[in-house]
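First the structure, in the form of structure tokens, and then the observations on it.
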Ligand SMILES: Cc1cc2nc3c(=O)[nH]c(=O)nc-3n(C[C@H](O)[C@H](O)[C@H](O)COP(=O)(O)OP(=O)(O)OC[C@H]3O[C@@H](n4cnc5c(N)ncnc54)[C@H](O)[C@@H]3O)c2cc1C
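Residue numbers (my numbering): 306 to 686.
Structural data, given as structure tokens:
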């Protein structure tokens, strides 16, 4: 067993870190304040292969492993949580669902565009009336000759207005609950399909979040992704891997906050001494370092299992639960160390505290992770 990254993963980390420091970090504050999705960044992320992580080389993807995916999301999030969320969701949700379960025709049509960032991918499971209980979704899919017609609405969809393609989960038989759910590839611009950007988010304000409406959206039969009725099971396995990336996002934000706290503790003086001389401050720094290292080990373990084709759902849930909560504590401590200056947006820890909050909600809340973990424990016994 080794805890060191190999040369390939170190190179990926160094590239992601340098790019994020130069091209993302200097703009994060402005993008957040303007609540603006930085479309101009997307081709650059595409060139680096950061948008085709889960896409095979045959389709122009970078075909990286889960560990590389976690490292890239951590480094991007360290510079900006909103862009971390964009990279995590584009790769892990919409693109991954099409790459893993799409027909050859769907893959030929969409994956090359998704791999370069020409199109971004969205993924729509959550609805106004169903979040944690996602099998209770109400969006309907009915057959109309050899076509499918979708009706319903979705909420909180990342890349909802900027995505070129959205994988939409819908039910053809509500009575069958999750067995009635299938996935469909819906292109932006399809008649009856509309998106409204959600503004006023607490954090990750530069990421695109939207409400989607589907009214008589008529699709060719071939837009079905995976088998009819397998959509829910497929979506749950997509979320298993997605959770590793949300854990990595939380880790990146926690690292950014700790870095800022360390610098501030060395520079700020009170009672004639740097803050870092006070034991109360030292303990906060020590706790954050320890918890973030523990989070990284959980994330890397889940990623290593996924890359070895072993079951990893339980480990991914634990990594997300712990990393999102440890990262939140690190952000909160960093704010405390900054005192009043942590409470204003002149210092980035204010934004880190807002951005990290979603990691305890998206892709399954902390409560849902605990449910998943406990269910697996009880099943095993
Ligand atoms: C910025 C952002 C981006 C998102 N992006 C996407 C996306 O791209 N695609 C997508 O499909 N969704 C997306 N989501 C939706 C997200 O996955 C849901 O918000 C999340 O799953 C929780 O659902 P909910 O908001 O309806 O809360 P609810 O399910 O209503 O939960 C409310 C509270 O009750 C708790 N709760 C619910 N059930 C239980 C239970 N059985 N036991 C204990 N506690 C429980 C929850 O943990 C939570 O604290 C996004 C959300 C946000 C905020």
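All C-beta atoms, glycine included, are put in the ideal place defined by N, C-alpha and C.
If we ignore side chains and look at the alpha-carbon of each, how far apart do residue 673 and residue 575 end up?
43 Å
Distance, Cα to Cα, residue 595 vs residue 470?
40 Å
Own chain residues within Cβ distance below 7 Å of residue 659, not counting five before or after
507 and 508
Measure from the alpha carbon of residue 325 to the alpha carbon of each residue in 313, 446, 377 and 682, then state which is nearest.
377
Answer yes or no: does any C-beta atom of chain D fall closer than 9 Å to that of residue 573?
Protein chain content of the structure displayed is limited to a single chain, and chain D is not contained in it.
Under the assumption that residue 681 contacts residue 619 (Cβ atoms under 8 Å), give the Cβ distance between them as a whole number of angstroms.
5 Å
For residue 331, three-class secondary structure by DSSP:
helix
Is the distance from the Cβ of residue 330 to the Cβ of residue 384 below 9 Å?
yes
Going straight from the alpha carbon of residue 397 to that of residue 405, what length do you get?
11 Å
Is it the case that the CB of residue 457 approaches a heavy atom of ligand 3 more closely than 8 Å?
Only ligand 1 can be found as ligands here, which leaves ligand 3 out of the picture.
Cut-off 6 Å between Cβ atoms - residues of its own chain near residue 671, not counting five sequence neighbours on either side
626 and 665
Every unbroken alpha helix (DSSP H) within the segment 584 to 614, with a cutoff of 4 residues, ordered by chain:
584 to 612
Got a sec: does ligand 1 put a non-hydrogen atom nearer than 8 Å to the Cβ of residue 464?
yes
With distances taken between CB atoms, is the gap from residue 663 to residue 386 smaller than 9 Å?
yes
Under 8 Å: does the beta carbon of residue 303 sit that close to some heavy atom of ligand 1?
Summary: the structure shown does not reach residue 303, with the chain confined to residues 306 through 686, and so no result is reported for it.
Along the chain, where does the alpha helix (DSSP H) that runs through residue 550 open and close?
536 to 572
Of all the options 400, 418, 423 and 419, which has the alpha carbon lying nearest to the alpha carbon of residue 345?
423
Distance between residue 467 and residue 515 (C-alpha atoms, nearest Å)
9 Å
Provide the residue(s) that pair with residue 455 in DSSP beta bridges, ordered along the chain.
446 and 522
In chain order, what residues of the same chain have a beta carbon less than 8 Å from the beta carbon of residue 624, not counting five sequence neighbours either side?
548, 549, 552, 600, 603, 604, 606 and 607
For residue 371, which residues from the same chain have a beta carbon less than 7 Å from its beta carbon, with the 5 sequence-adjacent residues on both sides left out?
546, 549, 608, 611 and 612
C-beta atoms of residue 455 and residue 448 nearer than 9 Å
no
In the DSSP assignment, what residue or residues form a beta bridge with residue 500?
517
Could you tell me the alpha carbon to alpha carbon distance between residue 414 and residue 641, rounded to whole angstroms?
50 Å
From 382, 460, 614 and 534, pick the residue whose C-alpha is nearest to that of residue 322; which is it?
382
Please name the residue, chosen from 647, 587, 334 and 486, that lies closest to residue 562 on a Cα-to-Cα basis.
647
CA-to-CA distance, residue 583 to residue 543, given in whole angstroms:
46 Å
Going by C-alpha distance, which of 306, 336, 349 and 338 is nearest residue 320?
349
Does the beta-carbon of residue 380 have 16 or more other beta-carbons within 10 angstroms, so that it is buried, or is it exposed?
buried
Helix, strand or coil for residue 473? Go by DSSP, reduced to three states.
strand
In this structure, does DSSP put residue 414 in helix, strand or coil?
helix
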